[in-house]
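Student: Be aware that the sequence shown starts at 48, since it is given in this note's numbering, and climbs by one per residue.
Before I ask anything, let me first share the structure, which is written out below as structure tokens.
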Amino acid sequence: TSAYSSPAKSLGDPGITPLSPSHIVKDSDADDAVEQLFLVVVAIDFGTTSSGYAYSFTKEPECIHVMRRWEGGDPGVSNQKTPTTILLTPERKFHSFGYAARDFYHDLDPTESKHWLYFEKFKMKLHTTGNLTMETDLTAANGKKVKALEIFAYALQFFKEQALKELSDQGGSDFENTEVRWVITVPAIWKQPAKQFMRQAAYKAGMASPENPEQLIIALEPEAASIYCRKLRLHQMIDLSSRAPVNGYSPSDTIGTGFTQAKEHVRRNRQSRTFLVENVIGEIWSELEEGDRYIVVDSGGGTVDMTVHQIRLPEGHLKELYKATGGPYGSLGVDYEFEKLLCKIFGEDFIEQFKIKRPAAWVDLMIAFESRKRAAAPDRTNPLNITLPFSFIDYYKKFRGHSVEHALRKSNVDFVKWSSQGMLRMSPDAMNALFKPTIDQIVQHLSDVFDKPEVTNVKFLFLVGGFAESPLLQQAVQSAFGSRCRVIIPQDVGLTILKGAVLFGLDPAVIKVRRSPLTYGVGVLNRFVEGKHPPEKLLIKDGTRWCTDVFDKFISADQSVALGETVTRSYTPAKPSQLVIVINIYSSEQDNVNFITESGVKKCGTLRLDLTGTDASVPNRREIKTLMQFGDTEIKAMAIDVATSKSVKVGIDFLNY
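This is the structure:
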């Protein structure tokens with residue numbers, strides 16, 4: 048053990064010891080916050096590649112309105128959402144978001160654009176940063192660094208202002224932020240610090256405040272999707288496994304054409320931007336009985352998230368059966384493969400330089416790729432053409448001294464040719480090969496989940512999220528799992544999460560049971576038992592032999608936690624005269640933790656109860672009750688001195704320790 052083997056000794060903190068017997072009270076009704084009344088729920092789907100918002104008035108919850116059409120937009124990409132891109136001026140002030148940011152940046156002269164700070168696909172940073180803090184940086188396209196918290200707050204503030212403006216225009220009078228309940232969606236597989244980071248960014252953007260945290264709900268993306276899928280009627284989805292006609296199209300019109308017709312059908316109804324959610328349980332849902340399981344696969348730009356839910360009747364509440372899993376297998380993986388292909392043809396040194404020297408042209412090239420990426424389909428036979436920006440061709444010639452055409456001939460990459468119109472011509476096979484690594488990872492991960500004992504007899508698989516629009520992914524999932532369950536895709540699949548998040552904001556109690564992602568406990572002293580406790584943990588105080596650094600567990604990783612459930616433990620100060628009682632809360636991804644010094648145990652909260660000045664006639668074994676309330680993506684802890692009812696509260700904090 049290291050010299051620092053005992054934090055308790057080194058801090059000289061007198062510590063607490065459990066009052067036996069330790070008891071758990073399940074009491075979900077106690078001191079529930081009085082529900083505030085909001086006029087409207089606005090949900091923001093802050094995605095890796097694209098973002099959007101939708102809202103519903105609490106008076107007419109069956110109408111969900113998706114945000115106004117955006118200016119800008121790309122050929123071949125339907126824009127109910129806007130790209131998650133943000134532009135700051137050279138002085139680091141917010142300039143624009145979405146298409147506006149991208150187009151403005153693109154139109155800047157290269158000499159000027161290198162001073163502007165342009166960010167895209169930055170949400171993944173929260174998933175990939177191991178030790179995320181309020182100080183974590185993001186890197187702009189020009190290589191300059193800015194605090195991630197600022198960028199996220201700017202983006203959320205932008206959405207807040209857009210939504211309030213739209214609500215005010217619609218209502219004819221100014222809409223106040225206090226009248227709105229905000230819901231922000233995050234991937235379920237994000238670790239706690241990333242979820243907390245989102246909440247802090249929202250506070251900074253002025254959506255809610257630490258004094259009024261209920262105004263903001265952080266919702267998990269696959270849960271939101273799950274809530275929406277429950278409402279589906281048969282005409283609102285495409286059942287890949289049915290052999291019967293769906294929407295009156297027979298399956299012989301391959302998936303692709305069925306989709307186009309279905310999309311036409313949706314497009315005709317889209318002008319209104321208002322979706323009616325019938326307040327019934329959808330038809331597909333009526334086939335599910337008590338205890339049935341289904342899996343929601345949310346495949347977006349950055350991550351793919353999987354959640355297994357079970358129905359609890361009569362209200363159809365959802366219970367999470369298996370903790371959310373997934374990984375960074377979003378459609379960005381396809382872009383990355385395209386970039387690798389370009390490096391193979393033109394050389395990595397050139398691509399790196401080109402990205403730095405001509406960042407706007409690089410963005411253009413990726414936009415051109417994006418629209419072709421969406422045209423990829425399993426049965427496609429004609430090639431896909433990707434326009435190379437003029438500055439790419441020009442810069443390559445300067446850089447290498449020979450033409451792009453020459454590079455393609457010499458690279459002997461099959462399936463990619465140069466067309467006389469100045470385009471890269473990719474065969475469908477070449478395009479499909481770019482999808483393969485990402486799709487294989489998704490299918491592999493899904494098979495692993497299907498093999499888990501908790502995941503037997505899954506009835507349905509709902510494929511949602513932006514990447515679920517890809518016929519290649521649809522076909523892969525259907526052929527791998529179609530025999531085990533019915534694979535179902537909601538029609539406006541890219542908006543599923545957004546609409547589910549609005550429904551969640553209207554009725555947050557619909558999710559009843561979650562799995563705790565971490566083990567939580569507090570550090571305590573136990574009476575030292577020879578032979579049971581390691582000798583280096585011995586601490587002698589006033590003649591009593593204590594074992595220090597014991598991890599007293601509140602709840603284990605993967606344990607079911609009912610929403611709002613409170614776990615209570617009682618402690619007493621190890622030294623009766625002690626008046627300042629400090630309770631440290633720890634978390635770990637491991638299940639069986641014995642000491643707070645074990646690797647992977649992190650401190651995530653401190654309750655400091657100061658009892659100076661309270662009546663001295665307190666019993667010599669003072670009882671300090673400690674409560675942890677689980678459920679929402681936030682966890683609250685509280686300590687109460689039973690004799691005097693003095694109490695202190697704290698939110699579990701994963702960013703500042």
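Where a beta carbon is used, it is the ideal one built from N, C-alpha and C, also for glycine.
Since I believe residue 655 is in contact with residue 689 (beta carbons under 8 angstroms), could you give me their beta-carbon distance rounded to a whole number of angstroms?
Tutor: What you label residue 689 is simply residue 642 of the sequence shown in a count that begins at 1. What you label residue 655 is simply residue 608 of the sequence shown in a count that begins at 1. Not quite, the Cβ-Cβ distance comes to about 17 angstroms (not below 8 angstroms), so this is no contact.
Student: Output the distance between the C-alpha atoms of residue 78 and residue 107, rounded to the nearest integer angstrom.
Tutor: In the sequence shown, residue 78 corresponds to position 31, counting from 1. In the sequence shown, residue 107 corresponds to position 60, counting from 1. Per-residue confidence for residue 78 stands at a pLDDT of 40, beneath the threshold of 50, marking its modelled position as unreliable; the derived number appears in the next sentence. Approximately 29 angstroms between the Cα atoms of the pair.
Student: Where does residue 86 fall in DSSP's three states?
Tutor: To locate residue 86, count along the sequence shown from 1; it is residue 39. DSSP places residue 86 in coil when its eight states are reduced to three.
Student: Cβ atoms of residue 522 and residue 425: under 7 angstroms apart, would you say?
Tutor: Here the question's residue 425 lines up with position 378 in the sequence shown. Here the question's residue 522 lines up with position 475 in the sequence shown. Cβ atoms of residue 425 and residue 522: closer than 7 angstroms.
Student: For a test of the three-state rule: what should DSSP assign to residue 576, helix, strand or coil?
Tutor: Here residue 576 corresponds to residue number 529 of the sequence shown, with the count starting at 1. Correct three-state label for residue 576: coil.
Student: Residue 174 by DSSP, collapsed to three states: which one?
Tutor: Taking the sequence shown and counting its residues from 1, one reaches residue 174 at position 127. Correct three-state label for residue 174: helix.
Student: At the level of alpha carbons, what is the spacing between residue 210 and residue 342?
Tutor: Counted from its first residue, the sequence shown places residue 210 at position 163. Counted from its first residue, the sequence shown places residue 342 at position 295. Cα to Cα, residue 210 sits roughly 32 angstroms from residue 342.
Student: May I have the straight-line CA-CA distance separating residue 85 from residue 550, to the nearest angstrom?
Tutor: Counting from 1 along the sequence shown, the entry for residue 85 is found at position 38. Counting from 1 along the sequence shown, the entry for residue 550 is found at position 503. About 14 angstroms.
Student: Helix, strand or coil: how does DSSP classify residue 685 here?
Tutor: Within the sequence shown, the letter at position 638 stands for residue 685. The answer is strand: DSSP assigns residue 685 an E or B state.
Student: Nearest-angstrom Cα distance between residue 131 and residue 444?
Tutor: Your numbering for residue 131 matches position 84 in the sequence shown. Your numbering for residue 444 matches position 397 in the sequence shown. Looking at the two C-alpha atoms, the distance is approximately 32 angstroms.
Student: Classify residue 674 as helix, strand or coil using the three-state DSSP reduction.
Tutor: For the purposes of this step, residue 674 is taken as residue 627 along the sequence shown, with counting starting at 1. The answer is strand: DSSP assigns residue 674 an E or B state.
Student: Residue 389: which of 699, 351, 433 sits nearest, CA to CA?
Tutor: The sequence position of residue 389 within the sequence shown is 342, counting from 1. With distances taken between Cα atoms, residue 389 lies closest to 433.
Student: Tell me the DSSP secondary structure of residue 312 in three-state form.
Tutor: Locating residue 312 in the sequence shown gives position 265, counting from the first residue. Confidence at residue 312 is low in this model, with a pLDDT of 40, below 50, so its placement is unreliable and the value that follows should be read with caution. Reduced to three states, the DSSP call for residue 312 is helix.
Student: Looking only at its chain, what residues have a beta carbon closer than 7 angstroms to the beta carbon of residue 391, apart from the 5 residues adjacent to it on each side?
Tutor: Position 344 of the sequence shown holds residue 391. Contacts found: 458, 460.
Student: Could you pull the DSSP bridge partners for residue 509 from this structure?
Tutor: Start at 1 with the first residue of the sequence shown, and residue 509 comes out as number 462. Paired residues: 343, 535.
Student: Using a threshold of 7 angstroms, state whether the C-beta atoms of residue 96 and residue 275 are closer than that.
Tutor: The count along the sequence shown starts at 1 and reaches residue 96 at position 49. The count along the sequence shown starts at 1 and reaches residue 275 at position 228. No, the Cβ-Cβ distance between residue 96 and residue 275 is not below 7 angstroms.
Student: Can you tell me whether DSSP reads residue 112 as helix, strand or coil?
Tutor: As a working mapping, residue 112 is identified with position 65 in the sequence shown. Note: residue 112 maps to strand in three-state DSSP.
Student: Please go through the same chain and pick out, in chain order, the residues whose beta-carbon is closer than 7 angstroms to the beta-carbon of residue 318, but skip the five residues on each side of it.
Tutor: Working through the sequence shown from its first residue, we reach residue 318 at position 271. Its pLDDT being 40, under 50, residue 318 is placed unreliably in this model, and the coordinates cannot settle the point.
Student: Taking DSSP's pairing of strands, which residues face residue 432 in a bridge?
Tutor: Walking along the sequence shown from the start, residue 432 turns up at place 385. 472, per the DSSP bridge assignment.
Student: For the segment 91-105 and the segment 158-178, state whether three or more C-beta atom pairs, one from each stretch, are separated by less than 8 angstroms.
Tutor: The segment 91-105, when compared against the segment 158-178, does touch it at the 8 angstroms Cβ threshold.
Student: Alpha carbon to alpha carbon, how far is residue 465 from residue 446? Give it in angstroms, no decimals.
Tutor: The residue labelled residue 446 in the question sits at position 399 within the sequence shown. The residue labelled residue 465 in the question sits at position 418 within the sequence shown. Each residue's Cα considered, the two are about 19 angstroms apart.
Student: Which value, in whole angstroms, describes the spacing of the CA atoms of residue 191 and residue 166?
Tutor: Within the sequence shown, numbered from 1, the residue matching residue 191 stands at position 144. Within the sequence shown, numbered from 1, the residue matching residue 166 stands at position 119. Whole-angstrom Cα-Cα distance: 10 angstroms.
Student: Compute every distance between the C-beta of residue 501 and the non-hydrogen atoms of the ligand FMN, then say whether any falls below 6 angstroms.
Tutor: For the structure depicted, the ligand FMN is absent and the ligand set is empty, with no information on it obtainable.
Student: Locate the alpha helix (DSSP H) running through residue 236, then write down its first and last residues.
Tutor: Counting from one through the sequence shown, the residue named residue 236 turns up at place 189. Note, residue 236: premise wrong, no alpha helix (DSSP H); not H, not E.
Student: Name the two residues that bound the continuous beta strand (DSSP E) containing residue 381.
Tutor: Taking the sequence shown and counting its residues from 1, the one referred to as residue 381 is at position 334. Not the beta strand (DSSP E): residue 381 falls in the alpha helix (DSSP H), residues 379-393.
Student: Would you kindly check if the distance between the Cβ of residue 340 and the Cβ of residue 227 is under 7 angstroms?
Tutor: Taking the sequence shown and counting its residues from 1, the one referred to as residue 227 is at position 180. Taking the sequence shown and counting its residues from 1, the one referred to as residue 340 is at position 293. Going by C-beta atoms, residue 227 is not nearer than 7 angstroms to residue 340.
Student: Going by other Cβ atoms of all chains shown within 10 Å of its Cβ, with 16 needed for buried, is residue 639 buried or exposed?
Tutor: Start at 1 with the first residue of the sequence shown, and residue 639 comes out as number 592. Exposed, because fewer than 16 other Cβ atoms sit within 10 Å of the Cβ of residue 639.
Student: Which residues in the same chain have their Cβ closer than 7 angstroms to the Cβ of residue 683, if we skip the five residues on either side of it in sequence?
Tutor: Against the sequence shown, residue 683 aligns to sequence position 636. Only 676, 696, 698 meet the Cβ criterion.
Student: Using 10 angstroms around the beta-carbon of residue 642, count the other beta-carbons present and answer buried if the total reaches 16, otherwise exposed.
Tutor: Translated into positions along the sequence shown, residue 642 becomes position 595. So residue 642 ends up on the buried side.
Student: DSSP on residue 466, reduced to helix/strand/coil?
Tutor: For this step, residue 466 is matched to residue 419 along the sequence shown. In this structure, residue 466 counts as strand in the three-state DSSP scheme.
Student: Quick check on DSSP: helix, strand or coil for residue 348?
Tutor: Taking the sequence shown and counting its residues from 1, one reaches residue 348 at position 301. Coil, per DSSP.
Student: CA-CA distance, residue 497 and residue 373?
Tutor: Taking the sequence shown and counting its residues from 1, one reaches residue 497 at position 450. Taking the sequence shown and counting its residues from 1, one reaches residue 373 at position 326. One C-alpha to the other measures close to 13 angstroms.
Student: Who does residue 709 pair with in a DSSP beta bridge?
Tutor: Outside the modelled stretch of the chain, which goes from 48 to 704, sits residue 709, for which no answer is possible.
Student: Taking the alpha carbon of residue 207 as the reference point, which residue from 525, 263, 134, 474 has its own alpha carbon closest?
Tutor: For this step, residue 207 is matched to residue 160 along the sequence shown. When only C-alpha atoms are compared, the closest one is 263.
Student: With DSSP as the reference, label residue 668 as helix, strand or coil.
Tutor: Sequence index remark: in the sequence shown, residue 668 carries index 621 (1-based). Residue 668 falls in the coil class under three-state DSSP.
Student: Going straight from the alpha carbon of residue 541 to that of residue 65, what length do you get?
Tutor: Within the sequence shown, numbered from 1, the residue matching residue 541 stands at position 494. Within the sequence shown, numbered from 1, the residue matching residue 65 stands at position 18. Answer to the nearest angstrom: the Cα atoms are 50 angstroms apart.
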